[in-house]
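A short write-up of the structure that comes next.
Numbering (UniProt numbering), first residue to last: 1 to 148.
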């Protein structure tokens, strides 16, 4: 579904390289990199992402959407699935303004239960934590290697 790219500055360029499964992912213009064996997802600021034009910050909805896409992609890869799972519940904490720049998202599966999997995503800007999201995905026991 996705592939690694070195760096991009234009949202449209990044979207062309990513080849996302959903058109909304092209709007986000996300890409991924592998650093020291850890997959990190990146999204560059572009005019479509503006929340406050006076101070040029990311829109909160764009940040939450990016976090959800990252969590779903990470979970799908962990389960070796082609389709992205649907998020049932999300909690998103905004810790500081996310000014124009490149947002780096680092996902982590907190707990994979029989019915619910929790994925946490940290969004960082210039190595400072800007937001934290927790996403709950319903899964069947067959998805986790058990019997249905």
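Where is the CB? At the ideal position from N, CA and C, for every residue including glycine. Bear in mind that the values here come from a model prediction, so they are computed numbers and not experimental data.
- Using a Cβ distance threshold of 8 Å, residue 78 and residue 138 do not count as a contacting pair.
- A direct Cα-Cα distance of roughly 29 Å separates residue 129 from residue 83.
- When the beta-carbon positions are compared, residue 100 and residue 45 come within less than 8 Å of each other.
- Between residue 62 and the set 75, 34, 136, 97, the nearest pair of CA atoms involves 97.
- The alpha helix (DSSP H) runs lying completely inside the region 55–109 and spanning 4 residues or more are 60–78, given in chain order.
- Three or more beta-carbon pairs drawn from the region 63–75 and the region 102–110 are found closer than 8 Å, and the two stretches are therefore classed as touching.
- With respect to residue 134, residue 90 sits close: the two C-beta atoms are nearer than 8 Å.
- Proximity to residue 127 across 103, 54, 70 peaks at 103, based on C-alpha coordinates.
- Partner residues in the beta bridge of residue 40, as assigned by DSSP, are 33.
- Assignment of residue 48 by DSSP, reduced to helix, strand and coil, places it in the helix class.
- Rounded to the nearest whole angstrom, the CA to CA distance from residue 136 to residue 57 is 27 Å.
- With a threshold of 16 other beta carbon atoms within 10 Å, residue 123 meets it and is buried.
- The alpha-carbon separation between residue 38 and residue 25 amounts to approximately 21 Å.
- The beta carbons of residue 35 and residue 71 sit about 19 Å from each other, so the pair does not count as a contact at 8 Å.
- The straight-line gap separating the alpha-carbon atoms of residue 112 and residue 42 is approximately 25 Å.
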